[in-house]
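If you want the working numbering, it's the position in the sequence shown, counting the first as 1, plus 372. We treat Cβ as the ideally placed atom computed from N, Cα and C, and that holds for glycine.
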Amino acid sequence: MIRVQLLGPVSATIEGRSTALRGRLPAVLLSLLAVQPGRTLSADQLIERAWTGSPPPTAGSALRVHITKIRQAFAPLPTGLATTARGYRLDPAVVSTDVAELATLTAGLEAVPDPAEALARVDRALALFQGRAFAGFVDDDELRAEAGRLDELRLDLEESRAELLLALGRHGEASTELVKLVRAQPLRERRSRLLMLAQYRSGRQAEALATYGDLRNRLSEELGLDPSSEARELEVQILRQDASLTLRGPQPGPAKLTDAGRPRALRPAAASTDVLLMVVAGRLAALDEATARLVKLAAIMDDAARPAVLASAMGREESDLAALGSRAAASGLLELAGEGRAWRVPRRERRNAVLQSLSDGERAALHALAGQALLKRGTVPALVRGAWHLIESGRDALGAGRAAVRAVDACLEQGASRTADDLCLAALDVLPASSPVAVDLLTRRVRTLTLLGRTAEVEAVWRAAIEAARASGDASRFALAVLAQEWAMRSFHVVNRDLRTLLTEALARVGPGPTALRTRLVCALMMDGMLGTAQLAETERLADEIRSDAEATGDPVALASACRARHTVLRGHPDFAARAQALDAFLAAAQQTGDEWWAAISLLGRLYDLFVVGRHAEVPELLMRLDLPGGNSAATRVSWHHALTQASLARDRGDLASAIRWGERGLLRGAEAGIPDAPAASALNQFLVVFLRGSTAALLPHLHASAQQGAEHAMALAIVAIAEAQAGNRAAAGALIGRALDRLPQDSLEAKPVALACAAQAAAASGLADLAPRLDAELRPYSGQFATFGQVTATFGPVDRCLGLLSALQGDADRSVALLAAAQRQAATAALVPWEVLSAADAVGVLRSSGRLAEAEALASEHRTTAARLGLQGCLARFSAAAS
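Below, the structure is given as structure tokens:
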């Protein structure tokens, strides 16, 4: 047989002997004939194409000479090149080509189920390429087109090879190859996408995000194009640490990780007796080297020493272990436990003795072997255990650190926060502080500490991550470090003073252009504005920018952040229709994220709107969807909001004992999650319960102390003013109301209705008529609504009740009575009995002061029994006054 090589220098192999064709024309002629073996080309066609349309007068004789040379090269099978009446042809029964073999290897490649088999075929296909097809002689149109097709196929095969390496879990190898491939063809997007995935799976999230940024910049600068939707989606998934990006192996074994911290196998072994050490050492010495190695590896790995892992660590086939295991078992140093699922050293004392027999170097080598073998398994427990072994080996700190990053991410995905934090600490101990991987681990430790509720430690670790990232000069790592705090879960009243500066620095480092990372930074900047360090217009501008970039990058979380911001800044706005429209957009965006946390946050927005319009009957069903299970994570934050909302609902419906219980539960949930607002929210619930029952004067010392903590807020000042007024301190109440009104424009809009309602209550209780016109003008747009704050942290009844009090303060008794009657109807419709009774008690006071005693007594009689049943002592006192 004759084989013609066209994928590089044109040559022929005849029965194992290779012959190169010298000169351009023989190579071109053979290429023309070999592109389609069996096809006949006439002499005129060969002359026209070989001499590119300009043949010399002697072309005919020259053609015959070159045909003879090809036949000589084919000796002893000259019949491979046949002459027919119509011209020349290669006999396909005698002649094959490497191009034909390439077609056979690549046919149906995508349908091969086994990635290892597919990789072997791709490697054989790539090995066929020895250079540019047809040795670069492509003046002919057909050869030029075919060479282009083959070049493209080679590039596709290179990318397919990297993809198959990723499928086999060989992320590091794939990453190394892809760096070269991207450098060679920087505008082929698929290469960059694969490199991003390889880097992410290697625990290098920051590099993966930087690779996307480089791709976007190249496409924009050189082609004026944006990355494809696939690339944009991958960037978003990497930023979110989407679980779907993680390769999970099919190997048997537990898929769920136990959150037990450092594995027992890696904890210090108890000392063995000298006699046991001597016996075990003697038995190890009596074994051959391979069997002794098996025993030592089993001791090192303990309950993770499954046959497949041990075989991989020893570089042997699993079938080889049976004989080794039998010899070790005969010595009493090994047994097959767990129905044949793992080899182990019988009895803890013998295992300890085997471990103590190891030298430091041998122990390190065994840990390294165990770690690498476990990493290949692909399951989360094996990944985590493998990272521990690599850390313990102390041989490759960088490799151990990268494995730890991957393992920490897997732990966080499965809720194993304790193990994740222990891994971070252990890996940081072996890494240089300046290592980029150390930055990655510090950034993740912010998350683990937050989830563990160890908030006192979070700030210092966060600052350390930021400084290490800044020193590294890596823009993506710096941005990720700044974003490490739980932005969506932060307190609305604990403001980090230099946060805006850090976010601005991160944005400058990342550079312009819509990327998911930049959009997340803008989201954080917007959140900072929502926390009170920026004006409403600035927050809305950022929300618009985020919406635009989220659509460009395909980032559903960024879009949800923008929609949440729009709804949040409209909380407290009297335009309920605009807020309802914003809520609909938020609910839809939250649903698109597929994230439980965002779905819950959007439901909290829905709850707020239900409270504002008095649709309390719909609240219990919605609350059932919010009582999420979970420990110290986002679910605990949601459970905190759930408890506060339950407290508000119980309080508004008159079940004050339940309101107190829910408030205490909320305090515990908030403390578990390390929420700074938790004590203040609990105190607020306590204040409102006491207010409904009667006077809050006894709470004054506690209220003053609470108001002085942190930044000054209008609502806190107005609440203290109520207590001062009920204590008879008219001047102090007036001063506090004035400060609250001055502070109001600087606070978040969502606090405005409750702050104004409380200020109106204090002004009415103190008889401060001079403040009534301003308060009335501020509150009037909210008429018909219920004063509500935050994620239903506080409620203060119908706004019309407060407007009625202000009207009475201004001497308009008729308007006051009408507004208080409207408040009673609103409260009754919503089944908010305490507020109905309180509005009635206020109306009784206005009626009595205006001389309408019979009406006052009738109204008091209607509500006296209910007030007594609910324990509303302040209302009872006013009803009793009406009777007298």
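Leaving out five residues before and five after residue i in sequence, what residues of the same chain have Cβ atoms less than 6 Å from its Cβ?
i     : result
L491  : L536
S468  : R375
A776  : A759, L795 and A799
V866  : Low per-residue confidence applies at V866: pLDDT is 46, beneath 50, and the placement is therefore not dependable, though the value from the model is reported in the following sentence. For V866, where only same-chain residues beyond five positions count, the Cβ hits under 6 Å are P1048.
R1033 : none
Take residue i as the anchor and find which of the options has the nearest alpha-carbon.
i     : options                       : result
C1174 : Q1196, V1164, Q1163 and G1162 : Q1196
L914  : L931, T925 and A1134          : L931
Q1133 : Q953, R938, D1172 and S729    : D1172
V471  : R504, M996 and A454           : R504
V510  : G1243, A1077, S403 and E917   : S403
R1111 : L413, H1085, L529 and A1099   : H1085
A454  : A658, L413 and L498           : L413
A851  : A497, D646 and T876           : T876
T424  : E1044, N1101, L515 and R526   : L515
E489  : A539, D463 and G845           : A539
T815  : I838, A878, S807 and A847     : I838
E734  : A843, V833, I672 and L708     : I672
S1211 : A1093, A1230, L879 and V1189  : V1189
R461  : V407, L1075, V752 and L1191   : V407
Using the beta-carbon count (16 or more within 10 Å), is residue i buried or exposed?
i     : result
G1183 : exposed
T873  : exposed
S383  : buried
I386  : buried
M650  : exposed
Q786  : buried
T451  : exposed
S729  : buried
L1177 : buried
P624  : Since pLDDT at P624 reaches only 42, below the 50 mark, its modelled position is unreliable, and no value is offered.
P448  : exposed
Q1118 : exposed
G885  : exposed
T645  : exposed
S789  : buried
R1023 : buried
P485  : exposed
Output yes or no for whether 7 Å exceeds the beta carbon distance between residue i and residue j.
i     : j     : result
Q964  : P928  : yes
P409  : K441  : no
T583  : S564  : yes
V1218 : A1180 : yes
H1013 : L976  : yes
F958  : S974  : yes
L656  : A643  : no
A1199 : P1170 : yes
A1099 : A1079 : no
G1026 : V811  : no
N589  : A641  : no
V1061 : L1028 : yes
A1193 : R1250 : no
G986  : F1158 : yes
L435  : A465  : no
A961  : C935  : yes
P427  : I419  : yes
A1131 : A1090 : yes
V882  : I918  : no
Can you list, in chain order, the residues of its chain with a C-beta nearer than 7 Å to that of residue i? Leave out the 5 residues immediately preceding and following it.
i     : result
L611  : L581, A888, L889 and R892
K1258 : Past the boundaries of the shown model lies residue 1258; the chain is included only from 373 to 1256, so the question cannot be answered.
A1097 : A1105, A1134, A1137 and S1138
L550  : A534, R563, L566, L567 and A570
D793  : R817, T820, L821 and L824
G766  : A736 and V802
L500  : L379, D470, E473 and L474
A922  : T891, A930, L931 and A934
Once the 5 residues before and after residue i are set aside, which same chain residues still bring their CB inside 8 Å of it?
i     : result
S1054 : G1035, E1036, G1038, L1039 and G1042
L942  : A950, R951, A954 and L1121
Within 8 Å, do at least three Cβ pairs link the segment 1014-1024 to the segment 1159-1177? yes
If we count Cβ pairs, one from each stretch, closer than 8 Å, do we get three or more for the segment 741-759 versus the segment 679-691? yes
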